[in-house]
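Student: My questions will all concern the structure given below.
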Amino acid sequence: MWYHDRFHTPFDLPNPKELDEDDRVSYKTSSDLRKFHFPAWASAFIAMVLLILSCITCVCAVRKCSRRRRKTQRSSNMRKSMVSLCDTTSLGHTHRGRVQLDVEDVDAGLMPMNGQEEYSNEEEEEETKKESSLGKLQYSIEYDFHTSKLIVGVVKGEKLLAVDINGTSDPYIKICLIPKGGKKFQTRVHRKTLNPDFNEYFTFKVSYGELAKQTIVLSVFDFDRFSHHTFIGEVRLPIASLDLGSTVEEWQEIQPGIEDMSDVLGDLCFSLRYIPTAGKLFIVILEGKNLKNLDKQGISDPYVKLQLVQNRRKLKKKKTTVKMNTLNPYFNETFSFDIPFDQIQNTQIIFSIYDANKVKKNEAIGSVVVGCNASANGIRHWSDMLANPRRPVVQWHALEN
Numbered sequence: 001m002w003y004h005d006r007f008h009t010p011f012d013l014p015n016p017k018e019l020d021e022d023d024r025v026s027y028k029t030s031s032d033l034r035k036f037h038f039p040a041w042a043s044a045f046i047a048m049v050l051l052i053l054s055c056i057t058c059v060c061a062v063r064k065c066s067r068r069r070r071k072t073q074r075s076s077n078m079r080k081s082m083v084s085l086c087d088t089t090s091l092g093h094t095h096r097g098r099v100q101l102d103v104e105d106v107d108a109g110l111m112p113m114n115g116q117e118e119y120s121n122e123e124e125e126e127e128t129k130k131e132s133s134l135g136k137l138q139y140s141i142e143y144d145f146h147t148s149k150l151i152v153g154v155v156k157g158e159k160l161l162a163v164d165i166n167g168t169s170d171p172y173i174k175i176c177l178i179p180k181g182g183k184k185f186q187t188r189v190h191r192k193t194l195n196p197d198f199n200e201y202f203t204f205k206v207s208y209g210e211l212a213k214q215t216i217v218l219s220v221f222d223f224d225r226f227s228h229h230t231f232i233g234e235v236r237l238p239i240a241s242l243d244l245g246s247t248v249e250e251w252q253e254i255q256p257g258i259e260d261m262s263d264v265l266g267d268l269c270f271s272l273r274y275i276p277t278a279g280k281l282f283i284v285i286l287e288g289k290n291l292k293n294l295d296k297q298g299i300s301d302p303y304v305k306l307q308l309v310q311n312r313r314k315l316k317k318k319k320t321t322v323k324m325n326t327l328n329p330y331f332n333e334t335f336s337f338d339i340p341f342d343q344i345q346n347t348q349i350i351f352s353i354y355d356a357n358k359v360k361k362n363e364a365i366g367s368v369v370v371g372c373n374a375s376a377n378g379i380r381h382w383s384d385m386l387a388n389p390r391r392p393v394v395q396w397h398a399l400e401n
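Following this line, the structure appears as structure tokens:
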């Protein structure tokens, strides 16, 4: 401030020689500042930046306050809406009027119409039926009064239940008569389809006097090469309710039922491998499962006997070791047969499971036939073996009488 005190006007500049050392430094600094000219646009720019920063700070503060206010309102509303069990009586009487609305105040579009309710209920019922449906089966029934033969045809299936992971099934049908029993039939397996065309016909010998007492049972199964076949459902047809004056051909919904386990003898798993150039058939007996017990103790001593049949002549026999006290034997034993390629189509292999008995004759539990003139599963396994030469093909088979 020496400048304004000593010199009355900015134009009366002092002589630097007359100043002491401190005043000389201050004088030099002030003279340097006078030489530097600060532009006006820079000042305006700085002012604008400061204004923008202050506005952003204010907006952030306002938003933060509003959030806190909303949070406080929500918590207070929740506390207000909470009603203790002790207050239920007062809520039913005192506060009921507060929550009731006048019918005229309610938007007509929000009120459900009876027609809409019925329509939605019908849609739900249809969806439930579709989800629970096992599919349909078309069949034909004809009776020849001259020969006393009942001819049952399995025509086709439609929208069968998907059992496999990939959304398909490998369906086949078992056909039998109850209570007559006797011979049972089975259709071919149809691979990866929910709408199989069977077109297969089977004949039962039934006298006219017994006909009205019989019921035709069509059991639907899903084939599984590596485990027990899955029972899907069945169609039961009491013959007394049918008009056999002409051929009957109808569709029927498949119904859930209980698989008839009375004639279940167990399952046998084995592999087939054929080498055409060497004329060798290799068989590996792997294991049995859920075999029918024939002993009083509820267990068996099973073993498997193999028979080679060509042109209906039994040629060779082989057998596994006996597995003691089990209904689920594990064998893992290998056998081989010499079968020339020109004889392979005339060959059968019969697998018979016996219960070994030291006191009396060994009892047969059940058997499986593969090769020519075998059942559907037996022919399939044989065909897969021939289609994959030199490769083992494994499959489970249900034992039959």
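Just so you know, full-length UniProt numbering puts 224 at position 224 of the sequence shown, and the rest follows in order with no gaps.
Beta carbons: idealized from backbone N, C-alpha and C, even for Gly.
Everything numeric in this text was worked out from a predicted model, so none of it was measured.
#1: Throw me the rounded Cβ distance for the LEU281 and PHE337 pair, which I believe falls under 8 Å.
#2: Give the C-beta separation of LEU150 and VAL206 to the nearest angstrom, bearing in mind that I take them to be a contact with Cβ-Cβ under 8 Å.
#3: Which term fits ASP170, buried or exposed, when burial requires 16 or more other beta carbons within 10 angstroms of its beta carbon?
#4: Please report the distance separating the alpha-carbon of GLY279 from that of HIS228.
#5: So for LEU291, helix, strand or coil by DSSP?
#6: Whole beta strand (DSSP E) runs in the region 340-370 with 3 or more residues, listed along the chain?
#7: Tell me the DSSP bridge mates of VAL309?
#8: Where does the unbroken beta strand (DSSP E) through ASN199 begin, and where does it stop?
#9: Where PHE221 and ARG191 are concerned, what is the direct C-alpha to C-alpha distance, given to the nearest angstrom?
#10: Starting from the N-terminal side, write out each stretch of the beta strand (DSSP E) that is 3 residues or longer and does not extend beyond the UniProt domain "C2" (133-252).
#11: When DSSP builds the beta bridges, which residues end up paired with GLN255?
#12: Using only the alpha-carbon positions, how far apart do VAL59 and ALA42 sit?
#13: Put ALA387 into one of helix, strand or coil per three-state DSSP.
#14: Just to confirm before moving on: does the CB-CB distance between GLY233 and LEU315 stay below 7 Å?
#15: By the 10 Å Cβ neighbour count, where 16 or more other Cβ atoms means buried, how is PHE226 classified, buried or exposed?
#16: I'd like to know whether the C-beta atoms of VAL189 and TYR172 end up nearer to each other than 7 Å.
#17: Given a threshold of 16 other Cβ atoms within 10 Å of its Cβ, counted over all protein chains shown, does GLY181 qualify as buried or as exposed?
#18: Counting pairs of beta carbons, one from the region 372-392 and one from the region 265-274, are three or more of them closer than 8 Å?
#19: Ignore the nearest five residues each way along the sequence and tell me which others in LYS317's own chain have a CB closer than 8 Å to its CB.
Tutor: Looking at the coordinates:
#1: As a first step, residue 281 is located in the sequence shown; it is residue number 281 there, counting from the start. As a first step, residue 337 is located in the sequence shown; it is residue number 337 there, counting from the start. Your pair LEU281 and PHE337 checks out as a contact, with CB atoms roughly 5 Å apart and the cut at 8 Å.
#2: For the purposes of this step, residue 150 is identified with residue 150 of the sequence shown, where counting begins at 1. For the purposes of this step, residue 206 is identified with residue 206 of the sequence shown, where counting begins at 1. Right, the Cβ-Cβ distance comes to about 5 Å (below 8 Å), so this counts as a contact.
#3: Within the sequence shown, residue 170 is the residue found at index 170, counting from 1. Flag for ASP170 reads buried.
#4: Here residue 279 is taken as the residue at index 279 of the sequence shown, counted from 1. Here residue 228 is taken as the residue at index 228 of the sequence shown, counted from 1. Approximately 32 Å, taken between the alpha carbons.
#5: Taking the first residue of the sequence shown as position 1, residue 291 is located at position 291. Residue state for LEU291 is assigned as coil, using DSSP reduced to three classes.
#6: When DSSP assignments are scanned along the region 340-370, the uninterrupted stretches of beta strand (DSSP E) that are 3 or more residues long and fall wholly within it turn out to be 347-355.
#7: Numbered from its first residue, the sequence shown carries residue 309 at position 309. According to DSSP, VAL309 bridges with LYS314 and GLN348.
#8: Position 199 of the sequence shown, counted from the first residue, corresponds to residue 199. That run of the beta strand (DSSP E) goes 197-205.
#9: The count along the sequence shown starts at 1 and reaches residue 221 at position 221. The count along the sequence shown starts at 1 and reaches residue 191 at position 191. Spanning the two alpha carbons is a distance of roughly 12 Å.
#10: DSSP runs (the beta strand (DSSP E)) wholly in the UniProt domain "C2" (133-252): 136-144, 149-158, 171-178, 197-205, 215-222 and 230-238.
#11: Locating residue 255 in the sequence shown gives position 255, counting from the first residue. Answer is GLU234.
#12: Mapped onto the sequence shown, residue 59 falls at position 59. Mapped onto the sequence shown, residue 42 falls at position 42. Looking at the two C-alpha atoms, the distance is approximately 26 Å.
#13: Sequence index remark: in the sequence shown, residue 387 carries index 387 (1-based). Of the three classes helix, strand and coil, the one that applies to ALA387 here is helix, per DSSP.
#14: In the sequence shown, residue 233 corresponds to position 233, counting from 1. In the sequence shown, residue 315 corresponds to position 315, counting from 1. LEU315 is positioned such that its CB atom lies no closer than 7 Å to that of GLY233.
#15: In the sequence shown, the residue the question calls residue 226 occupies position 226. Using a 10 angstroms sphere on the CB of PHE226, the tally of other CB atoms stays under 16, which defines it as exposed.
#16: Here residue 189 is taken as the residue at index 189 of the sequence shown, counted from 1. Here residue 172 is taken as the residue at index 172 of the sequence shown, counted from 1. The beta carbons of VAL189 and TYR172 sit closer together than 7 Å.
#17: Here residue 181 refers to the residue found at position 181 when the sequence shown is read from its first residue. Counting the other Cβ atoms within 10 Å of the Cβ of GLY181 gives fewer than 16, which makes it exposed.
#18: Judged by Cβ distances under 8 Å, the region 372-392 makes contact with the region 265-274, as three or more pairs qualify.
#19: Position 317 of the sequence shown, counted from the start, is the residue given in the question as residue 317. These residues qualify, in order along the chain: LYS305, LEU306, GLN307 and LEU308.
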